[in-house]
Amino acid sequence: MNLSKFDFTRLKNLLPSSLKSLSINPTSDLIREDENNDTEFYSTPRFVHHIDDRARYVLSQFYTYAIQQTPETITLDLCSSWTSHLPENFIGKVFGLGMNELELKENPSLNQGYTVQDLNQNPSLPKFSSNTFDSVICSVSIDYLIHPLKIFNEVGRILKPNGLFITSFSNRCFPTKVIRKWLYMNELQRVEWVANYFLQTDTYFNPMTIKAYSFFDGNFLPITDEHYVDPMYIVSANKK
């Protein structure tokens, strides 16, 4: 796939026209192998990329395509780190929320500052007023959230009407820290699982706007092969 010529306007939605709600059992689906405090796990900064060059490029270009950019629009980078995967020439205000202050300090995209918060300890966002953000992004972190519906409701609250929430993930993770359900699903099932978070928070999110996209060229080579590339999946929806 030649990404430099990729036409994002021709993306095909992976989801069926009528989504079915999936049951979520917090005591079995949202538990993790390592239930120790996440603050300790993420206390050491990791200045490394968790997805490869191609996946980062896809994500950056999708953000360019999907996020409205003006000097006054404001984006929240949820589960942020030392990079937001936004394009270098991104126009607009960006605020970050993440786990490691040393990483957040090094993020050049966060031109409005940042806050340190463990969403698994406190899934509310009291720092932000309702109807504040034009867009919210959560890059390759959605699989670590143990209170996803509470967080999605909070994101819905702080988004402006018709605001966009973009989540993304690949097939890499810290296996001891992702929710248990994640490890027992294939990648299409993971797409449907994240879409279900939007569906179950339809007080805020419009079910008709839930979309999912795959950026994967069918390369099923082992991860150790030099020609292997990371897949990228994006699931998004607009606030009502």
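Final position of the sequence shown in the working numbering is 242; the numbers increase by one with none missing. Even for Gly, the Cβ is constructed at its ideal location relative to N, Cα and C.
- Membership of Y116 in the beta strand (DSSP E) is indicated by the continuous run Y116 to V118.
- In this structure, the alpha-carbon of I212 lies about 16 Å from that of T11.
- Distance from I160 to L32 at the Cβ level is roughly 22 Å; contact not present, criterion being Cβ atoms closer than 8 Å.
- Following the DSSP letters along the chain, one finds L166 inside the beta strand (DSSP E) bounded by residues L161 to F171.
- By the Cβ criterion, the segment 17-30 is not in contact with the segment 73-85, since fewer than three pairs of Cβ atoms, one from each stretch, lie closer than 8 Å.
- In the DSSP assignment, N240 falls within the unbroken beta strand (DSSP E) covering M234 to N240.
- Between I144 and V196 a beta carbon distance of about 6 Å is seen, short of the 8 Å cut, so the two are scored as contacting.
- For V60, the three-state secondary structure derived from DSSP is helix.
- In the structure shown, the three-state DSSP call for Y215 is strand.
- Counting along the chain, no alpha helix (DSSP H) covers K179, and no H or E run does either.
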